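Counting with our numbering, you get residues 1 to 486 for the letters of the sequence shown. Before any comments, here is the structure.
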Amino acid sequence: MPRHVRVAVIGAGFGGLGAGIRFLDAGIRDFAILERGDAVGGTWRDNTYPGCACDVPSHLYSFSFAPNPRWSRSFSGQPEIRAYLEDVADRPGLRARLFFNAAVTGAVWQEADARWRISTARGELTADVLVSAGGPLSEPSTPDIPGLDAFPGAVFHSARWDHETDLAGKRIAVIGTGASAIQLVPQLQRTAAKLILFQRTPAWVMPRRDRRITGLEKWLYAHVPPTQRLARLGIYLSREATVVGFVKRPAILKAAQRVALHHLGRAVKDPELRAKLTPRYVMGCKRVLLSNDYYPALARPNAEVVAAGLAGVEGSTLIGSDGTRHEVDAIVFATGFHTVDMPMARQVWGVGGRSLAEVWGGDMRALRGTTVAGFPNLCFVIGPNTGLGHNSMVHIIESQLSYIVDFVRAVGRPGAALDADQRAQDAWCEEVERRMGPTVWNTGGCKSWYLNDAGRNPTLWPASTVRFRRLTRRVDAGEYVRSDAV
Ligand code: N01
């Protein structure tokens with residue numbers, strides 16, 4: 001581990017690896033990527049549940065500066081995405097700057113010499129600039145269920161799959177109906193003695209238009225690169241168009257709702273089950289899910305949908321919030337992640353020794369989704385209000401990386417600091433809030449992981465990705481307070 005670097009990056013997933021490549025391209029060579037695990041990949045290393053795949057087409061869910069002509073399917077599985085990120089990490093100069101098993105346990109801003117003192121599982125280092133690329137979906141969340149501790153069977157979270165446990169022939173409870181659950185339910189149902197799905201909220205599920213990418217396409221992408229760029233652009237534009245429905249006119253989504261209801265009706269003939277699975281909020285309020293095998297799996301005789309949350313456990317009996325009791329051998333929590341309560345915020349201390357968690361008070365805010373007043377020389381990749389409900393997060397990440405490279409240049413020499421101006425941050429957040437008003441995430445009649453306890457949405461970007469890219473092209477010095485400690 002180096003003792004000091006110009007830039008320390010937390011995390012070696014899409015955000016951290018992308019940052020490394022962009023720094024090298026920009027001639028910024030003095031950096032370290034601190035990774036808590038023993039391999040790169042972030043969420044695509046950690047999520048290994050059966051059926052794990054991406055619901056954004058691979059040609060778009062990859063870096064524009066690291067195209068992969070070999071994607072095998074339109075929606076790739078987790079092993080292929082992970083392998084892609086391993087390939088990306090092999091870019092010249094990157095591996096030498098990667099430090100594994102280096103979980104960051106604290107970062108303290110040193111006002112006297114304008115640098116971050118960073119504690120990791122492998123020791124301490126300092127950095128002029130700290131880039132947090134730990135990912136918004138990296139800390140699994142498991143609900144506090146009375147009696148769970150005494151459950152005698154296997155219990156695990158979808159993002160920490162226990163591959164030692166064979167679930168074939170078992171009675172399995174799956175808790176949750178988000179993007180993870182709909183992918184793993186069909187896989188488990190095939191071999192389970194019984195699969196019981198605890199569904200608090202039925203999801204909108206659209207057909208998944210997945211297909212094998214042909215040999216000819218791969219050859220073209222490899223030998224005539226503009227064809228791949230064109231394919232990528234086509235996918236990007238088609239998804240970008242959908243932003244109007246999410247952000248401005250949720251009524252437009254009615255047509256898509258009809259497609260989803262038809263999709264449900266074709267797979268589920270039993271009217272009682274169909275009624276249970278019919279969503280009761282406006283599409284898009286929660287993430288729209290894509291699957292062709294989720295509904296058919298739930299229609300099989302060994303599957304049961306409990307239209308209630310999991311409320312308690314007594315021995316090997318699970319108790320639904322509707323009072324029903326179910327005997328099972330194993331529990332899989334597909335209950336999502338700590339999103340609005342970013343755990344890392346408790347480990348970062350800025351000006352005056354205040355922690356980020358204290359400053360945010362459960363309500364994350366940042367200037368251009370990237371910097372926070374009172375935390376000089378700290379940048380977020382996928383910070384507050386940068387998530388998407390409609391397009392590829394890799395596009396947002398690339399926009400932020402340009403901004404961060406510019407930020408590092410703007411900081412310039414060691415001892416200098418840029419702190420987001422509070423008024424500039426407030427103005428940015430006000431504008432985000434104004435645009436957030438009519439979005440389906442606020443008005444669609446659901447409670448999603450996008451919202452915090454106060455009902456505010458601090459996670460998603462309420463406009464097009466084109467707009468985000470334009471607004472993060474360069475650092476505006478007028479939005480920062482500059483200081484030179486040394
Ligand atoms: O988690 P979630 P996820 N009893 O938070 C339920 C990304 N992702 O891991 O809806 C019963 O969406 C909870 O119920 P409710 C993607 O961005 C991407 O599935 O709150 N249920 C909900 O159904 C996604 O949005 C891919 O009423 C309980 C579920 O748990 C994000 O990750 C694939 C409960 C949590 O759903 C998170 O998805 C997978 C209880 N006591 C994930 N407590 C791609 O394809 C909670 N729930 C790219």
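Every residue gets a Cβ at the ideal spot worked out from N, C-alpha and C, and that includes glycine. Note that the structure is a prediction, hence the values are computed from the model and not measured.
Any non-hydrogen atom of the ligand N01 within 7 Å of residue i CB
i	result
C487	Outside the shown range of the chain (1 to 486) lies residue 487, about which nothing can therefore be said.
V562	Lying outside 1 to 486, the shown extent of the chain, residue 562 is not represented and no answer is given.
I175	yes
V328	no
R209	no
T201	yes
S74	no
L305	The displayed chain sequence assigns Val, not Leu, to residue 305. It does not: the Cβ of V305 is nowhere closer than 7 Å to a heavy atom of the ligand N01.
W161	no
A357	no
L195	no
P50	no
F151	no
W449	yes
Q400	no
D322	no
L273	no
S180	yes
G309	yes
Straight-line gap, residue i to residue j (C-alpha atoms, nearest Å)
i	j	result
S76	R6	36 Å
V40	A275	43 Å
A345	N302	43 Å
Q347	S132	12 Å
V381	F375	15 Å
F492	A89	For residue 492 there is no data in the structure shown, the boundaries of the chain being 1 and 486.
G178	A334	7 Å
P202	L378	39 Å
P207	L298	15 Å
V359	R171	46 Å
V104	A485	25 Å
G42	R117	24 Å
K269	A427	52 Å
E240	A260	20 Å
A112	F468	35 Å
I213	G234	15 Å
A330	E314	13 Å
A83	V56	17 Å
S355	Q189	45 Å
L289	G245	16 Å
P226	W219	12 Å
E479	K254	41 Å
G336	R470	31 Å
P438	K248	6 Å
D210	E304	27 Å
Neighbourhood of residue i by C-beta distance below 6 Å, restricted to the same chain and skipping five residues each side
i	result
A159	D46, N47, P140
G323	none
R365	P384, C429
L24	G93
Y236	L60
Contacts around residue i, its chain only, beta-carbon distance under 7 Å, and the 5 residues preceding and following it disregarded
i	result
Q228	H59, P67, P69, Y221
V481	D419, D421
G445	Y281, V282, C285
T120	L34, A102, A103, V104, T105
A26	V405
Residues near residue i in its chain [Cβ-Cβ closer than 8 Å; skip 5 each side]
i	result
L264	V205, R274, L277, T278, Y295
I21	F63, F65, A66, V88, R91, L94
G362	V340, D341, N452, D453, A454
Contact under 8 Å by Cβ, residue i with residue j
i	j	result
R122	M283	no
S464	V243	yes
C285	S180	no
T191	A154	no
V440	P462	no
E327	T339	no
A53	Q187	no
G37	F100	yes
S392	Y61	yes
A32	L125	yes
T370	Y403	yes
P136	G387	yes
V411	I28	no
Any chain B beta carbon closer than 8 Å to residue i
i	result
A424	In the displayed structure, chain B is absent; only one protein chain is listed.
- Message: Extract the residue ranges of the beta strand (DSSP E) inside the region 157 to 186, only unbroken runs of 3 or more that lie entirely within it.
- Response: 171 to 175
- Item | Inside the region 91 to 121 only - beta strand (DSSP E) runs reaching at least 3 residues | 104 to 110, 115 to 120
- Query: Which whole runs of the alpha helix (DSSP H) in the region 420 to 486 are 4 residues long or more, in chain order?
  - Reply: 422 to 436, 440 to 443, 465 to 471
- Whole alpha helix (DSSP H) runs in the region 329 to 370 with 4 or more residues, listed along the chain? 356 to 360
- Item | Whole runs of the alpha helix (DSSP H) within the region 1 to 45, excluding any shorter than 4 residues | 14 to 25
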